[in-house]
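To start, the structure under review is shown below, and the notes come after it.
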Amino acid sequence: MTPQSVMDMHAKSFAWAARFLAPEAKLDAAQLYVFARIADDLADEEELGPVDARMLELQRLENNVLSPASGDELAHKVGHLMQAKGVDSDVVRQFMLCLRQDARQYTVQTTEELLHFAYGVAGTVGQMMCPILGAPHHAQRYAVALGVGMQLTNIARDVVEDAQRGRCYIPAQWGASIATLSAPSGEQHIQHSFALIKKLLSLADDFYAYGQTGFQYIPANNRRAIRIATTLYRAIGQKILKNGAHAYWRGRTSLGRMEKTKLLMSCYCGDDALSKHVVRDVIALDMKHMAAVSGFPLAGA
Numbered sequence: 000m001t002p003q004s005v006m007d008m009h010a011k012s013f014a015w016a017a018r019f020l021a022p023e024a025k026l027d028a029a030q031l032y033v034f035a036r037i038a039d040d041l042a043d044e045e046e047l048g049p050v051d052a053r054m055l056e057l058q059r060l061e062n063n064v065l066s067p068a069s070g071d072e073l074a075h076k077v078g079h080l081m082q083a084k085g086v087d088s089d090v091v092r093q094f095m096l097c098l099r100q101d102a103r104q105y106t107v108q109t110t111e112e113l114l115h116f117a118y119g120v121a122g123t124v125g126q127m128m129c130p131i132l133g134a135p136h137h138a139q140r141y142a143v144a145l146g147v148g149m150q151l152t153n154i155a156r157d158v159v160e161d162a163q164r165g166r167c168y169i170p171a172q173w174g175a176s177i178a179t180l181s182a183p184s185g186e187q188h189i190q191h192s193f194a195l196i197k198k199l200l201s202l203a204d205d206f207y208a209y210g211q212t213g214f215q216y217i218p219a220n221n222r223r224a225i226r227i228a229t230t231l232y233r234a235i236g237q238k239i240l241k242n243g244a245h246a247y248w249r250g251r252t253s254l255g256r257m258e259k260t261k262l263l264m265s266c267y268c269g270d271d272a273l274s275k276h277v278v279r280d281v282i283a284l285d286m287k288h289m290a291a292v293s294g295f296p297l298a299g300a
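Using numbering that gives the first Met the number 0, the first residue of the sequence shown is number 0, and each one after it goes up by one.
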């Protein structure tokens, strides 16, 4: 399979948006996606083997990407791409480290831990994408914010699936537990669990709001694709909220083709819902969240 076909199969929302990238950026983004997908599968997919063996494979992949003289074809291509574009090797290491930490049963205790995780597995990918898109270094803070927002949306969408696998990314300090999130019983438990998901999506909106202020730094030939990707991800959260508590536990929320087409057209017309989102003291609020997490390159101008 080609990198593009892998992205089309596994990253449906981003694949829709990636169609609007400039040709070179589209190919490079697909290469980066395949690398991130393989690494994520090694961390998550138990059928790929015992966890210790998968961790060794993750380390091998990291080493080969950072030193792409090896015979690993994927690592060779991705490593040379990162070198050519100036991707920071420390960001790659942070991404791989967080995946290794996530490989075993994982629960989050605090909001800070949640944001550190979201940065590690997704904000870092935003950083790696920046030079591929041709965005300047100082735009990385906005790319990180978008990555974190998208990961928080993913967590909100996948609460049941994660809980069934022994994982809970909603902080325990919010009142979350694997038992109640996997199959809440009774109206009170259902509403309590859904309130946690709503809180998670509200936090995601804060990061989307901050991230969108950096769209101006993305070159025009790639800007629309990132606007579309952001709009599609945020729309998943909006659909979760619209469907309500009882619908949530009946199945995973996704966007249909017509929904995606409508959102795509709204972006073309400059009327995406994200641009109308009120940024609530974005510097005071979002920077408070972001600066609390070690490794976020977001403090300051």
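Just so you know, even glycine gets a beta-carbon here, dropped at the ideal spot from N, CA and C.
Note that this is a predicted model, so its numbers are computed, not measured.
Neighbourhood of residue i by C-beta distance below 6 Å, restricted to the same chain and skipping five residues each side
i, result
"tyrosine 141", "Gly210, Gly213"
"glutamate 56", "Leu41"
"aspartate 271", "At aspartate 271 the pLDDT is 44, less than 50, meaning the model places this residue with poor confidence; the figure from the coordinates comes in the next sentence. Cβ within range, chain order: Thr230, Ser265."
"tyrosine 105", "Arg166"
"isoleucine 177", "Ala162, Cys167"
"tryptophan 15", "Lys259"
"glutamate 160", "none"
Separation of residue j from residue i, as counted between CA atoms
i, j, result
"tyrosine 27", "arginine 251", "Sequence inspection shows aspartate at residue 27; the tyrosine mentioned does not correspond to that position. The alpha-carbon atoms of aspartate 27 and arginine 251 are separated by roughly 30 Å."
"phenylalanine 19", "serine 184", "44 Å"
"isoleucine 189", "histidine 245", "7 Å"
"aspartate 101", "alanine 121", "13 Å"
"histidine 137", "valine 143", "11 Å"
"glycine 133", "tyrosine 168", "32 Å"
"threonine 123", "arginine 99", "14 Å"
"glutamine 237", "aspartate 157", "15 Å"
"valine 33", "alanine 194", "34 Å"
"leucine 145", "tyrosine 232", "10 Å"
"arginine 53", "isoleucine 154", "23 Å"
"arginine 103", "valine 50", "8 Å"
"leucine 47", "phenylalanine 94", "20 Å"
"alanine 29", "glutamate 186", "44 Å"
"leucine 80", "valine 90", "14 Å"
"arginine 92", "alanine 208", "27 Å"
"lysine 308", "proline 67", "Lying before the first or after the last residue shown, residue 308 is absent from the chain, which here runs from 0 to 300."
"threonine 152", "glutamine 215", "23 Å"
"aspartate 43", "leucine 263", "31 Å"
"valine 278", "arginine 59", "Since pLDDT at valine 278 reaches only 39, below the 50 mark, its modelled position is unreliable, and no value is offered."
"glutamine 257", "valine 107", "With the sequence shown as reference, residue 257 is identified as methionine, and glutamine is not the correct amino acid for it. Each residue's alpha carbon lies about 36 Å from the other."
"glutamate 45", "proline 135", "38 Å"
"alanine 175", "phenylalanine 13", "29 Å"
Buried or exposed by the 16-neighbour rule on C-beta atoms within 10 Å, applied to residue i
i, result
"threonine 260", "exposed"
"glycine 78", "buried"
"glutamate 61", "buried"
"alanine 219", "exposed"
Below-7 Å beta-carbon distance, residue i vs any chain B residue
i, result
"lysine 259", "Within the model displayed, chain B is absent; a lone protein chain is all it includes."
Own chain, CB closer than 8 Å to residue i, minus 5 neighbours either side, in chain order
i, result
"glutamate 112", "Pro170"
"asparagine 242", "Thr252"
"asparagine 63", "Ser69, Asp71, Ala74, His75, Gly78"
"glutamine 139", "Gly125, Gln126, Cys129, Pro296"
"leucine 96", "Gly119"
Rounded distance between the beta-carbons of residue j and residue i, thought under 8 Å
i, j, result
"threonine 109", "glutamine 150", "Rounded, the Cβ-Cβ distance is 16 Å, inconsistent with contact."
"serine 181", "alanine 203", "At roughly 21 Å, the Cβ-Cβ gap does not stay under 8 Å, so serine 181 and alanine 203 are not in contact."
"isoleucine 227", "isoleucine 217", "Their Cβ separation, rounded to whole angstroms, is 12 Å, which puts isoleucine 227 and isoleucine 217 out of contact at 8 Å."
"serine 88", "leucine 114", "That belief does not hold up - the Cβ atoms of serine 88 and leucine 114 are roughly 23 Å apart, past 8 Å."
"isoleucine 196", "isoleucine 239", "7 Å"
Residues near residue i in its chain [Cβ-Cβ closer than 7 Å; skip 5 each side]
i, result
"proline 130", "Lys84, Gly85, Val86"
"glycine 255", "none"
"serine 192", "Thr179, Leu180, Pro183"
"asparagine 221", "Leu20, Ala21, Ala24, Leu132, Gly133"
"alanine 38", "Leu57, Leu60, Met95, Leu98"
Residues sharing a beta bridge with residue i, DSSP
i, result
"threonine 106", "Cys167"
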